[in-house]
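Below: the structure, in structure tokens.
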Amino acid sequence: MLPQKRAFVVTDETVAPLHLPALLAGLAETGIESTPLRVPAGETAKRMAVLEDMIDRMLESRVERQTAVIALGGGVVGDLAGFAAAVTLRGLPFVQVPTTLLAQVDSAVGGKTGINARQGKTLIGDAGFFRWCEANGAQLVGGDRAAQAEAVVRACAFKSGVVGADKRDEQPSAGRALLNLGHTFGHALETELGFGAILHGEAVAIGLGLAFGLSARLGYCAEAEAARVVRHVAAVGLPAELADLGRTFSAERLLGHMRRDKKTREGRLTFVLARGIGAAFTARDVPEIAVVDLLRGAGCAA
Numbered sequence: 006m007l008p009q010k011r012a013f014v015v016t017d018e019t020v021a022p023l024h025l026p027a028l029l030a031g032l033a034e035t036g037i038e039s040t041p042l043r044v045p046a047g048e049t050a051k052r053m054a055v056l057e058d059m060i061d062r063m064l065e066s067r068v069e070r071q072t073a074v075i076a077l078g079g080g081v082v083g084d085l086a087g088f089a090a091a092v093t094l095r096g097l098p099f100v101q102v103p104t105t106l107l108a109q110v111d112s113a114v115g116g117k118t119g120i121n122a123r124q125g126k127t128l129i130g131d132a133g134f135f136r137w138c139e140a141n142g143a144q145l146v147g148g149d150r151a152a153q154a155e156a157v158v159r160a161c162a163f164k165s166g167v168v169g170a171d172k173r174d175e176q177p178s179a180g181r182a183l184l185n186l187g188h189t190f191g192h193a194l195e196t197e198l199g200f201g202a203i204l205h206g207e208a209v210a211i212g213l214g215l216a217f218g219l220s221a222r223l224g225y226c227a228e229a230e231a232a233r234v235v236r237h238v239a240a241v242g243l244p245a246e247l248a249d250l251g252r253t254f255s256a257e258r259l260l261g262h263m264r265r266d267k268k269t270r271e272g273r274l275t276f277v278l279a280r281g282i283g284a285a286f287t288a289r290d291v292p293e294i295a296v297v298d299l300l301r302g303a304g305c306a307a
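Encoded structure:
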């Protein structure tokens with residue numbers, strides 16, 4: 006139930022022709038006056054200029070404190086619309102209507118939003134779920150609706166449980182911090198390549214393999230576990246290794262991006278590592294040389 010019979014619907018140019026008419030019609034049937042706000046599609050939309058334009062349009066339309074903001078789209082739309090709702094008039098009601106599988110199982114769950122800056126970007130699953138993914142990965146990417154529905158339910162239930170136990174992100178060594186497995190490497194790749202040049206899920210897919218590779222290099226998990234993760238990522242058609250991107254990266258440049266990661270504390274790199282599949286933990290004492298050696302071993306230049 007919305008607090009006011011009025012809402013702004015934020016969507017992008019890709020989603021709008023597919024789902025916007027149905028949502029506007031549904032809102033109209035319940036007596037809710039809605040104003041669509043279209044933004045560009047893709048990661049590049051998560052920037053200050055787009056945010057300012059959205060807020061300007063809402064203010065020009067006389068937005069009120071009880072006017073809701075509805076995000077219709079994937080993770081980018083959800084992050085952008087949620088951030089706009091948070092900072093306009095000191096906070097507006099916010100509703101997520103995720104239209105992508107990734108948004109349904111990840112970004113739309115947990116309440117965090119944000120936009121990108123030039124300097125950088127704003128899975129933990131239990132072992133049983135990973136085994137399920139190995140067994141059902143082909144059906145998932147092949148469009149099997151039952152398998153996709155099962156994946157959404159499992160992932161949402163797990164993530165909501167983690168977020169519910171650490172609502173304010175106050176457990177830096179556990180809780181929702183562990184949901185960032187693979188993200189330190191993934192965000193560094195996104196920043197280096199430029200936002201929009203690689204999908205977030207693709208960057209994190211490579212990051213998962215690197216995180217497990219680093220864990221194995223530091224003696225936390227077996228090499229076979231790291232290889233199993235990379236093998237599964239590749240099996241479902243995602244890039245699994247840096248070499249899959251077809252270019253040579255600088256280990257030092259990637260490390261520089263990681264130093265600006267939001268999880269960095271007192272200048273020390275923070276990584277989510279694993280003692281095995283389903284056994285993640287946060288480490289703040291990872292030697293930089295270990296990260297550099299890992300990246301060089303993966304094909305990076307100095």
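The end of the sequence shown is residue 307 by my numbering, with every number in the run present.
Positions of the beta carbon are idealized from the N, C-alpha and C atoms, including for glycine.
These figures come from a predicted structure and were not determined experimentally.
Asked, Found
"contact_flag[the segment 76–86, the segment 237–253] where n(CB pairs < 8 Å) is 3 or more", "no"
"Simplified DSSP assignment, three categories, for Q101", "strand"
"Beta-carbon proximity of T105 to G80, cut-off 8 Å", "yes"
"Spatial neighbours of V55 in its chain, beta-carbon cut-off 6 Å, leaving aside the 5 residues before and after", "V44"
"Burial state of G224 (16 or more Cβ within 10 Å)", "exposed"
"Close beta carbons around A216, own chain, < 8 Å, minus the five adjacent residues each side", "L186, G187, T189, F190, F276, V277, L278 and A279"
"Between the CA atoms of A193 and G199 - distance to the nearest angstrom", "10 Å"
"Residue range of the beta strand (DSSP E) that includes S220", "Here S220 belongs to no beta strand (DSSP E); instead the alpha helix (DSSP H) covers H205 to R222."
"Residue range of the alpha helix (DSSP H) that includes A306", "That residue, A306, is in no alpha helix (DSSP H); it is neither H nor E in DSSP."
"F99 versus R52: straight-line alpha-carbon distance, rounded", "19 Å"
"Limits of the unbroken beta strand (DSSP E) element including E38", "E38 to V44"
"Spatially closest choice to L247 from R222, G218, R273 and E65, by CA coordinates", "G218"
"Exposure label - E38; buried when at least 16 CB within 10 Å", "exposed"
"With 16 other Cβ atoms within 10 Å as the buried cut-off, status of T16", "buried"
"Simplified DSSP assignment, three categories, for S255", "strand"
"Exposed unless 16 or more other CB atoms sit within 10 angstroms - verdict on Q71", "exposed"
"4-residue-minimum alpha helix (DSSP H) runs that sit fully inside the segment 127–168, ordered along the chain", "132–146"
"According to DSSP, residues forming a beta bridge with L77", "V102"
"Delimiting residues of the alpha helix (DSSP H) encompassing A33", "A21 to E34"
"Candidates A12, Q101, V296 and G36: closest to V68 by CA position", "A12"
"C-beta atoms of R222 and A160 nearer than 8 Å", "no"
"Bridge partners - F88, DSSP secondary structure assignment", "Per DSSP, none; premise fails for F88."
"R236 (DSSP reduced to helix, strand or coil)", "helix"
"Of the residues E197, A27 and V158, the one placed nearest L77, counting alpha carbons only", "A27"
"Best match in W137, E155, P22 and A140 for proximity to V110 [C-alpha to C-alpha]", "E155"
"Cα-Cα separation between E228 and I282, rounded to whole angstroms", "12 Å"
"For F163, the nearest candidate out of V146, R233, G147 and A132 (CA to CA)", "A132"
"Alpha-carbon spacing of G146 relative to E65, whole angstroms", "In the sequence as presented, Gly is not what sits at residue 146; that position holds Val. Computed Cα separation, rounded: 43 Å."
"Counterpart residues of V296 in DSSP-defined beta bridges", "Answer is none; V296 lacks a bridge partner."
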